[in-house]
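Q: Sequence order for the protein chains is A and B. Quick note: the first sequence uses the working numbering, first residue 1, plus one each step. Quick note: the second sequence uses the working numbering, first residue 1, plus one each step. Handing you this structure, nothing more for now.
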Amino acid sequence: SQELEQSPQSLIVQEGKNLTINCTSSKTLYGLYWYKQKYGEGLIFLMMLQKGGEEKSHEKITAKLDEKKQQSSLHITASQPSHAGIYLCGAVWSPMDTGRRALTFGSGTRLQVQP
Amino acid sequence: DGGITQSPKYLFRKEGQNVTLSCEQNLNHDAMYWYRQDPGQGLRLIYYSQIVNDFQKGDIAEGYSVSREKKESFPLTVTSAQKNPTAFYLCASSRLLSYEQYFGPGTRLTVT
């Protein structure tokens with residue numbers, strides 16, 4: 001969706017390096033969801049952000065939502081081969097968004113971690 | 001264990017044939033969704049259902065049909081009218097009024 005853009009499209013890092021993935025919305029977010037997908041599999045929920053300035057962490061992954069609620073970043077510290085996969089952000093722009101109660105997803109960031 | 005199952009994992013069909021993809025959940029979720037994923041692209045919403053016997057079109061519903069006769073089941077039929085049916089199809093579910101979706105393992109459909 002052009003309303004939700006992810007960058008970079010793909011990323012190759014050496015094991016142990018830090019990295020950041022961005023998700024930018026064309027309008028103010030009501031909520032932003034991060035998912036991880038292993039190749040050829042379903043999506044695994046990582047984190048949900050809703051408040052401006054909010055930051056959440058799970059193991060070595062930290063997600064932030066900016067104060068204006070139009071951009072989120074996902075930061076991985078000391079990357080490992082197990083972090084490899086596709087990271088997708090999913091957006092909600094209004095809790096009553098024309099009755100549509102489904103996420104709109106970005107195109108994803110493909111991460112490879114080289115040992 | 002609760003979860004979402006999709007079957008089969010791989011499906012092959014000849015052009016012109018309709019095919020139905022299965023999605024079952026035992027999470028007692030009210031809402032269910034179907035997405036399509038193409039290489040290098042994110043997920044695009046095909047159909048979703050918030051309650052039994054009711055469903056709404058998503059962004060790319062043309063050439064697809066669904067039914068929701070039971071809470072735990074939301075099958076997707078890919079009809080011969082779908083021009084580019086080869087893709088990876090993902091089913092998801094969520095609690096009513098929640099956007100946090102739980103995904104199945106997906107079905108890769110190849111039409112030749």
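All C-beta atoms in this analysis are idealised placements derived from N, C-alpha and C, irrespective of residue type, glycine included.
Out of A:Gln112, A:Phe45, A:Leu65 and A:Thr24, point me to the one whose CA is closest to B:Glu100's CA.
A: The residue labelled residue 100 of chain B in the question sits at position 100 within the second sequence. Nearest of A:Gln112, A:Phe45, A:Leu65 and A:Thr24 to B:Glu100, Cα basis: A:Phe45.
Q: For the stretch 76 to 87 of chain B against the stretch 17 to 30 of chain B, are there 3 or more C-beta pairs whose distance is under 8 Å?
A: Cβ pair count under 8 Å is three or more, so yes.
Q: Give the single residue among B:Tyr48, B:Ala92 and B:Phe88 whose Cα lies nearest to the Cα of B:Val111.
A: Position 111 of the second sequence, counting from 1, holds the residue named residue 111 of chain B. Ranking B:Tyr48, B:Ala92 and B:Phe88 by Cα distance to B:Val111 puts B:Phe88 first.
Q: Is the CB of A:Val13 under 8 Å away from at least one CB in chain B?
A: For the purposes of this step, residue 13 of chain A is taken as residue 13 along the first sequence, with counting starting at 1. For A:Val13, the answer is no, since every Cβ of chain B falls outside 8 Å of its Cβ.
Q: Give me the chain B residues within the contact set of A:Gly31, using Cβ-Cβ distance strictly less than 7 Å, ordered along the chain.
A: Translated into positions along the first sequence, residue 31 of chain A becomes position 31. What A:Gly31 touches in chain B: Tyr99.
Q: Looking only at its chain, what residues have a beta carbon closer than 8 Å to the beta carbon of B:Glu114, apart from the 5 residues adjacent to it on each side?
A: Residue 114 of chain B lies beyond the stretch modelled for chain B, which goes from 1 to 112, so this question has no answer here.
Q: Applying the 10 Å Cβ sphere with the 16-neighbour rule, what's the burial state of B:Leu97?
A: Residue mapping note: residue 97 of chain B aligns to position 97 of the second sequence, counting from 1. Answer is exposed; the Cβ neighbour count stays below 16.
Q: In chain order, which beta strand (DSSP E) runs of at least 3 residues are fully inside the stretch 25 to 74 of chain B?
A: Runs of the beta strand (DSSP E) inside the stretch 25 to 74 of chain B: 31 to 37, 43 to 51, 54 to 57 and 64 to 66.
Q: Going by DSSP, what residue range makes up the beta strand (DSSP E) through A:Ala63?
A: In the first sequence, counting from the first residue as 1, residue 63 of chain A sits at position 63. Ile61 to Leu65 is the span of the beta strand (DSSP E), which, as asked, contains A:Ala63.
Q: Does any residue of chain B have a CB that is nearer than 8 Å to the CB of A:Met47?
A: Working through the first sequence from its first residue, we reach residue 47 of chain A at position 47. No, its Cβ sits nowhere closer than 8 Å to a Cβ of chain B.
Q: Is A:Gly52 buried or exposed, if buried means 16 or more other CB atoms sit within 10 Å of its CB?
A: Residue numbering aside, residue 52 of chain A sits at position 52 when the first sequence is read from its first letter. The residue in question, A:Gly52, is exposed, as its Cβ has fewer than 16 Cβ neighbours within 10 Å.
Q: From B:Leu109 to B:Arg36, what distance separates their C-alpha atoms?
A: On the second sequence, residue 109 of chain B is found 109 positions in, with the first residue counted as 1. On the second sequence, residue 36 of chain B is found 36 positions in, with the first residue counted as 1. C-alpha separation (whole angstroms): 10 Å.
Q: In the structure shown, what three-state DSSP assignment does A:Ser82 receive?
A: Locating residue 82 of chain A in the first sequence gives position 82, counting from the first residue. Helix.
Q: What residue range does the beta strand (DSSP E) around A:Glu5 cover?
A: Walking along the first sequence from the start, residue 5 of chain A turns up at place 5. Where A:Glu5 is concerned, the enclosing beta strand (DSSP E) stretches over Leu4 to Ser7.
Q: Could you tell me whether the Cβ atoms of A:Gln6 and A:Cys89 are closer together than 8 Å?
A: One-based indexing of the first sequence puts residue 6 of chain A at position 6. One-based indexing of the first sequence puts residue 89 of chain A at position 89. Cβ distance < 8 Å, so A:Gln6 and A:Cys89 count as in contact.
Q: So with Cβ pairs under 8 Å, would you call B:Tyr89 a contact of chain A?
A: Within the second sequence, numbered from 1, the residue matching residue 89 of chain B stands at position 89. By this cut-off, B:Tyr89 is not an interface position.
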